[in-house]
Amino acid sequence: AQTVTQSQPEMSVQEAETVTLSCTYDTSESNYYLFWYKQPPSRQMILVIRQEAYKQQNATENRFSVNFQKAAKSFSLKISDSQLGDTAMYFCAFTGVIIQGAQKLVFGQGTRLTINP
Amino acid sequence: DAGVTQSPTHLIKTRGQHVTLRCSPISGHKSVSWYQQVLGQGPQFIFQYYEKEERGRGNFPDRFSARQFPNYSSELNVNALLLGDSALYLCASSLWTDGNTIYFGEGSWLTVV
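These protein sequence lines map, in sequence, to chains A and B. Everything in the first sequence is counted per our numbering, starting at 505 for the first residue and increasing by one. Everything in the second sequence is counted per our numbering, starting at -3 for the first residue and increasing by one.
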């Protein structure tokens, strides 16, 4: 079974600083996909960034980038120039390929990120 | 285009009652999934449906059931409600393609008293 672990329950940084959220996962599959989702107080889960395991290049979306280390099964999220609107719960999630079963997401426990003015 | 829509937004039920939650996927998405998110935890997978067939079930009791309709909308039913069923129930839709983004609705808050 796949598992996802986020070891930082809470983090707090000042606006405009850079922050890195950690995530490790465990799987025996060779092909899979990793995601970071953001859940603000409104509770809607919003995709931040995705990474295909077969791609060595780290994904980047504007101020958000990942450090994907496949051998170490590590998938950290870096937020540059953090903004007040980045305040939210951040979830790391894993999904395998459909042939292995359902297209389901396995989530970590989440990291509560607070950006202070 | 509309995103994933869920109803009702909030509801309160009594132990032992039954609840039905509804979800409409993004237009063109034929896969619908349900997740349970207990306060302070990450979402847990309950069901996935594709083309009206159950494609996956998480570790939930038989009190939980779901179905998908010809228009790809879905219902989640929970019987004999327990206090522990109090949670945010998230519906998600996606294309049935490896690694495709799974989009979530705003959720239905269920409180069991």
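Backbone N, C-alpha and C fix where the C-beta goes; we use that ideal spot for every residue, glycine too.
- For a Cβ distance threshold of 8 Å, residue set M549, F595, L609 and F611 of chain A lies close to P39(B), ordered along the chain.
- For S516(A) and P621(A), the gap between their C-alpha atoms comes out near 11 Å.
- Taking all protein chains shown into account, R11(B) has fewer than 16 neighbouring C-beta atoms within 10 Å of its C-beta and is therefore exposed.
- Within the DSSP bridge table, the entry for V523(A) names I583(A) as partners.
- Around G12(B), no beta-carbon contact reaches into chain A at under 7 Å, the shortest distance being about 27 Å.
- About 6 Å separates the Cβ atoms of Q607(A) and Q44(B), confirming a contact at the 8 Å cut-off.
- When the alpha-carbon of N55(B) is set against those of W92(B), N75(B) and Y31(B), the nearest one is in Y31(B).
- DSSP lists S29(B) and G52(B) as the bridge partner or partners of Q44(B).
- Note that the C-beta distance between S578(A) and T528(A) is below 8 Å.
- Only those residues of the segment 18 to 48 of chain B whose C-beta falls short of 9 Å from the nearest C-beta of chain A are listed: S27, S29, Y31, Q33, G36, Q37, G38, P39, Q40, F41, F43, Q44 and Y46.
- At a cut-off of 8 Å, the C-beta of D58(B) has no neighbouring C-beta in chain A.
- Close to L86(B), with beta-carbon spacing below 8 Å, are these residues of chain A in chain order: M549.
- Classified as exposed, D585(A) has fewer than 16 neighbouring CB atoms from the shown chains inside 10 Å of its CB.
- Counting every other CB atom within 10 Å of its CB across the protein chains shown gives S27(B) a total of 16 or more, marking it as buried.
- For G80(B), no CB of chain A lies under 8 Å from its own CB, so it is not counted at the interface with that chain.
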